[in-house]
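Asker:
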Amino acid sequence: ERITQTVEITKHVVDIEEKGVKLRLTIVDTPGFGDAVNNTECWKPVADYIDQQFEQYFRDESGLNRKNIQDNRVHCCIYFISPFGHGYGQPCPRCWQGLGRGLAGRGSPGSPRRLRPLDVEFMRALHQRVNIVPVLAKADTLTPAEVERMKNKIREEIDHYGIRIYQFPECDSDEDEEFKLQDQALK
111 ERITQTVEIT KHVVDIEEKG VKLRLTIVDT PGFGDAVNNT ECWKPVADYI DQQFEQYFRD
171 ESGLNRKNIQ DNRVHCCIYF ISPFGHGYGQ PCPRCWQGLG RGLAGRGSPG SPRRLRPLDV
231 EFMRALHQRV NIVPVLAKAD TLTPAEVERM KNKIREEIDH YGIRIYQFPE CDSDEDEEFK
291 LQDQALK
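As numbered in the numbering used here, residues 111 to 297 make up the sequence shown, in order.
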């Protein structure tokens with residue numbers, strides 16, 4: 111009998127104050143996501159958690175005492191994409207187990223792929239619920255040219271699969287050039 115690994119949801123709360131503005135930042139970590147042999151609907155606990163937080167906020171807003179409502183909604187998902195593996199050819203069978211839904215056959219042998227089917231399905235499941243910011247994990251281990259190539263390929267795949275991600279706003283025209291360059295690099 112196989113033991114199925116579950117996605118654990120861990121909350122970390124940090125109070126931040128900058129220039130007199132107080133902010134309570136809650137980081138929700140999901141260790142175990144995608145680690146099981148069968149990853150069928152492994153994003154479900156994350157989606158359920160996000161939905162529960164919205165429902166709780168709605169109930170609090172609809173109540174009589176709305177002065178001390180805590181906003182525990184998830185506003186942003188920073189989704190780390192591995193730069194290693196799944197780069198060329200046929201998909202890894204472990205990742206495809208239980209994930210089909212029309213993804214098979216996309217990307218012929220030799221065509222580079224950066225998103226695993228699991229990444230695609232997770233982002234598809236959440237992009238209607240929360241802002242997704244895809245981040246190339248461990249980018250410091252790659253050359254600048256490799257980072258640029260991977261970012262472009264990931265953007266193409268995200269567009270191809272119709273996944274909506276957070277779009278950083280444009281810089282104000284009065285910002286200095288260094289800030290504008292940093293902003294452009296983030297996009």
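Glycine included, C-beta positions come from ideal geometry on N, C-alpha and C.
1) Using DSSP with H/G/I as helix, E/B as strand and the rest coil, what is histidine 237?
2) Sorted by chain position, which residues of the same chain lie with C-beta nearer than 8 Å to isoleucine 273's C-beta, five sequence neighbours on each side aside?
3) Helix, strand or coil for proline 227? Go by DSSP, reduced to three states.
4) For valine 123, which residues from the same chain have a beta carbon less than 7 Å from its beta carbon, with the 5 sequence-adjacent residues on both sides left out?
5) Does the distance from the C-beta atom of tyrosine 167 to that of valine 245 stay below 8 Å?
6) Excluding the 5 residues flanking asparagine 149 on each side, which residues of the same chain have their C-beta closer than 6 Å to its C-beta?
7) Under 6 Å Cβ to Cβ from aspartate 139, same chain only, skipping five residues before and after it: list those, please.
8) By how many angstroms is the C-alpha of arginine 259 removed from the C-alpha of lysine 290?
9) Between which two residues does the beta strand (DSSP E) carrying phenylalanine 190 extend?
10) Tell me whether histidine 122, by its Cβ, gets closer than 7 Å to a heavy atom of the ligand FAD.
11) Per DSSP, what kind of secondary structure is asparagine 149 in: helix, strand or coil?
12) Span of the beta strand (DSSP E) holding leucine 291?
13) Return helix, strand or coil for glycine 130, following the three-state DSSP convention.
14) Using DSSP with H/G/I as helix, E/B as strand and the rest coil, what is lysine 177?
Answerer: Taking the coordinates as given:
1) coil
2) Contacts found: Val230, Met233, Arg234, His237 and Ile242.
3) helix
4) Arg134 and Thr136
5) no
6) Leu228
7) Thr120
8) 21 Å
9) 186 to 191
10) Among the components of this structure there are no ligands whatsoever, and the ligand FAD is therefore not found.
11) coil
12) Not the beta strand (DSSP E): leucine 291 falls in the alpha helix (DSSP H), residues 287 to 296.
13) coil
14) It is coil, neither helix nor strand.
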